[in-house]
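Comments concern the structure below.
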């Protein structure tokens with residue numbers, strides 16, 4: 382089926398799934414995205430995808446970001462477990478304001494490097510999930526103990 386597919390992406394999915402089932406997958410530790418190289422708007426979108434809603438529940442933050450290399454000014458808003466980037470408004474109340482290079486913001490939000498020096502950004506970095514780039518395509522994920530405990534208590 383994989384070799385007969387007309388579409389390249391479909392062929393890739395079929396053959397990758399077959400290789401995984403045979404135990405022939407390569408487990409790469411290479412990150413899918415390098416946050417340090419992303420433009421600020423894409424970095425915040427990527428960071429918003431990684432935000433753990435349980436950790437961000439009930440937290441509201443407004444952080445001013447001034448990029449010294451691109452001369453951009455934004456307000457980073459965390460509200461209702463959603464991270465967004467907005468244009469600043471005059472007189473808005475901010476929890477913190479940082480003037481950094483885009484690369485430094487990428488390091489803080491992407492890797493947590495130097496997060497302790499920037500409290501507001503460091504707190505957001507602490508709410509992020511870290512995805513495994515070598516996730517399985519077709520084989521089931523092992524269930525966690527928490528789910529097993531819930532299922533056992535439901536049967537009682």
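Numbering (my numbering), first residue to last: 382 to 537. All residues carry an ideal CB built from backbone N, CA and C; glycine is no exception.
Residue i and residue j closer than 8 angstroms at C-beta
{"i": "residue 488", "j": "residue 417", "result": "yes"}
{"i": "residue 505", "j": "residue 446", "result": "no"}
{"i": "residue 425", "j": "residue 475", "result": "no"}
{"i": "residue 400", "j": "residue 406", "result": "yes"}
Rounded straight-line distance, which links the Cα of residue j to that of residue i
{"i": "residue 450", "j": "residue 510", "result": "28 angstroms"}
{"i": "residue 508", "j": "residue 483", "result": "20 angstroms"}
{"i": "residue 499", "j": "residue 470", "result": "22 angstroms"}
{"i": "residue 422", "j": "residue 434", "result": "20 angstroms"}
{"i": "residue 453", "j": "residue 420", "result": "11 angstroms"}
{"i": "residue 390", "j": "residue 519", "result": "16 angstroms"}
Secondary structure of residue i, DSSP reduced to three states
{"i": "residue 502", "result": "helix"}
{"i": "residue 484", "result": "helix"}
{"i": "residue 454", "result": "strand"}
Same chain only: Cβ atoms within 6 angstroms of residue i, ignoring 5 sequence neighbours per side
{"i": "residue 465", "result": "458"}
Beta-bridge partners of residue i, as assigned by DSSP
{"i": "residue 463", "result": "460"}
{"i": "residue 509", "result": "432"}
Contact set for residue i: own chain, Cβ-Cβ below 7 angstroms, skip 5 residues either direction
{"i": "residue 460", "result": "441"}
{"i": "residue 497", "result": "503"}
{"i": "residue 501", "result": "442, 444, 476, 477"}
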